[in-house]
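S.K.: Each number in this note's numbering corresponds to the 1-based position in the sequence shown with 8 added. For glycine and all other residues, C-beta sits at the position ideal for the given N, C-alpha and C. Computed from a predicted model, the values in this text were never measured in an experiment.
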Amino acid sequence: MAAEPAEPAFSLNRPTTFSPGTRAAFAQYVENTATSRRLTLDDCHSIIDWLSHPNASRPVSQKDWSRRNYVRKTFAWLVNEQELVALAKKDNERDRRVVTVEKIVDIVNYVHTSNRHAGWDATWRDVSGSYYGILRSDVIFLLKRCVVCAHNPRKRPKGSSAGGAASPPVTDNAHSVRHFEQSPQPLRLASIENLLNPEVRDVYQETLWYPEFDFYGDE
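(1) Quick check: residue 117 and residue 25, are their CB atoms within less than 7 Å of each other?
(2) For residue 82, which three-state DSSP category applies?
(3) What is the rounded straight-line gap between the Cα of residue 87 and the Cα of residue 156?
(4) Determine whether the beta carbon atoms of residue 93 and residue 142 lie at a separation below 7 Å.
(5) Quick check: residue 135 and residue 119, are their CB atoms within less than 7 Å of each other?
(6) Here's the rule I'm using: 16 or more other beta-carbon atoms within 10 Å means buried, otherwise exposed. How should residue 64 be labelled?
(7) Starting from the C-beta of residue 2, find all residues in its chain whose C-beta is less than 7 Å away, skip the five residues before and the five after it, and write them out in chain order.
(8) Taking C-alpha atoms, which residue in 103, 145, 102 lies nearest to residue 112?
(9) For the alpha helix (DSSP H) containing residue 39, name the first residue and the last one.
(10) From the DSSP output, read off the bridge partner residues of residue 118.
(11) Taking buried to mean at least 16 other C-beta atoms within 10 Å of its own C-beta, is residue 66 buried or exposed?
(12) Considering Cα atoms alone, identify which of 50, 127, 137, 32 is closest to residue 148.
(13) Counting only the same chain and skipping the five closest in sequence on each side, list residues whose C-beta sits under 7 Å from that of residue 104.
(14) Could you say which of 78, 99, 62 lies nearest to residue 45 if we only look at CA atoms?
(15) Write down the C-beta distance between residue 60 and residue 85 rounded to the nearest angstrom, noting that I regard them as a contact closer than 8 Å.
(16) Measure how close the beta-carbons of residue 150 and residue 30 come, nearest whole angstrom, since I'm counting them as under 8 Å.
(17) Residues bridged to residue 106 by DSSP?
(18) What are the boundary residues of the beta strand (DSSP E) that includes residue 94?
(19) Counting only the same chain and skipping the five closest in sequence on each side, list residues whose C-beta sits under 6 Å from that of residue 102.
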């Protein structure tokens, strides 16, 4: 039986920016946009098994042989760390942690809060540089529904309001990135809440979700 991929450490101090409704919508989105570039836990078990026991069983078809050959060239199972990584393709790149589809929301949440709610391009750059198994379209889908960015006037498209029915898209421009980089303190949910009128604040509070813990990588 293949070993379980290692779980990165957890942080109890970071609230999530994605509501249960967003998580449910993302699960449906993933189901509707299935692709081999996302990996399930079962996929990872198979990869780890092939890497750990390359001669345990013979390929049953040309397709099976090709896939195993691809796995050997693309992934590595770090036994001591109990971690599955995607190997760097270039000298100036580094190996990346493999993320299962079940952990995509948690990883994007960690990265997006770590970079102080930067835009699509900046968050995608941070995600793709450290993790394997997350698509750019996954990041955009989630950032459009970030409860913090949705109520930040600097990230709201012209003509929209905080009380709008739909969550506005997050803009990725230098001005918004500089705003967060120059803030003396990380953006706080309470400070955003105080900017909203009572009706919007009630709705906003209902969307906040603080899980028991948040998943994050230690890089």
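M.R.: Let's see:
(1) Yes, Cβ-Cβ distance for residue 117 and residue 25 is below 7 Å.
(2) Helix.
(3) 39 Å
(4) no
(5) yes
(6) exposed
(7) Nothing can be reported for residue 2, as the shown portion of the chain is limited to 9 through 227.
(8) 145
(9) 28 to 40
(10) BP columns for residue 118 are empty, so no partner.
(11) exposed
(12) Residue nearest to residue 148 within the set 50, 127, 137, 32 is 127 (criterion: CA-CA distance).
(13) Answer for residue 104: 93, 94, 138, 139, 140, listed in chain order.
(14) 78
(15) 6 Å
(16) 7 Å
(17) As a beta-bridge residue in DSSP terms, residue 106 pairs with 140.
(18) Counting along the chain, the beta strand (DSSP E) containing residue 94 begins and ends at 91 to 94.
(19) 96
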